[in-house]
Structure formats: structure tokens, C-alpha cells
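Student:
In our numbering, the protein residues as written are 9 to 168.
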């Protein structure tokens, strides 16, 4: 099968915002993944799976934050704005809860942009930040996308 050159995606994320805050540069690609959880039906008289049905879906966004200022750490750690005072970020249970995550990248090699918008996200995990000599660090943050109860959507992808 021939490759359609105009459909190839290349280049980094152009912008990434979490809860309305632009987090600056990223170290590596911004990604998203979909996990499908299946329900398996089995019969007593037969070994193996008879039917496998889609039971639940989960979406995740992974953002390798290169600019780890205290303001960006506050956003990544889901802390409230009041927790950052001057040069001190206080980590406590005062969290933002749900945030919107939006990232924009190149649409394809012919130009244009593709914008992914996930309106309802919650902090899922943060990979360990390892301080080492002569290594560029990134704060790898993962958000879980929640389904919008009003219209059943997970988010949108728009080409422009």
C-alpha cells in the first residue's frame, strides 16, 4: 500500500495548556492513549472465551514538561493557585480537581494544525523526577480524561 505523504505527521507539539495555563516547552512528544476494558463471557462446557465485549473505555494524556518552574509544578501537581506564594509552592490537599488539557501540533506535512481538546481531566500520575548530573530533566505528567456527562464525549480533535 502506498503512503500518502500529506497524511504523515511530523514535528513537536506547538502549544500545551493545562487548566488554561500554557506550560511552555515539552521534552519529547505529547501523547494520548486509549485503553479498552473488555468483558469476557465463558461457558462452563467449553474452555476459552466465547464472546469479548467492550465494557469500558479510558483515555490518558501524557505530557513531558521541560519547563519545570514552580508555576508549572503547581499546575502539574494539581495544586490550587493559592498554594504558590512567591518562591514557595506548598503541597497539600487543596487541589484544583478537574482541568481542561489542550494541545496543538502539526496536522501533517502539507501544513495546518491539529488541536486536541479534552475538557474534563484529572491528574492520574507523575513519573519520578530523577536529578542527575548532565541530564536534561522532564516532569512526565499523565492525566486521565473523563467522559462529559452532558453529551457523552471524551474530547475533540480539530484540523485547521
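All C-beta atoms in this analysis are idealised placements derived from N, C-alpha and C, irrespective of residue type, glycine included.
(1) CB residue 83 to CB residue 147, shorter than 8 angstroms?
(2) Going by beta-carbon coordinates alone, are residue 110 and residue 96 separated by less than 8 angstroms?
(3) Can you give the Cα-Cα distance for residue 62 and residue 50, rounded to whole angstroms?
(4) In the DSSP assignment, find the alpha helix (DSSP H) that holds residue 84 and state where it starts and stops.
(5) By alpha-carbon positions, which one of 47, 105, 28, 166 ends up nearest to residue 113?
(6) Between which residues of its own chain and residue 37 is the CB-CB distance below 8 angstroms, once the five residues before and five after are set aside?
(7) Rounding to the nearest angstrom, what Cα-Cα distance links residue 160 and residue 140 in this structure?
(8) Going by DSSP, what residues sit across from residue 68 in a beta bridge?
Tutor: Based on what the coordinates show:
(1) Not a contact, by the Cβ cut-off of 8 angstroms.
(2) No, they are not a contact pair.
(3) Rounded to the nearest whole angstrom, the CA to CA distance from residue 62 to residue 50 is 15 angstroms.
(4) Note, residue 84: alpha helix (DSSP H), 78-84.
(5) Looking at the Cα atoms, 166 is the closest of the given residues.
(6) Cβ within range, chain order: 20, 21, 72.
(7) Spanning the two alpha carbons is a distance of roughly 44 angstroms.
(8) Beta-bridge pairing links residue 68 to 41, 152.
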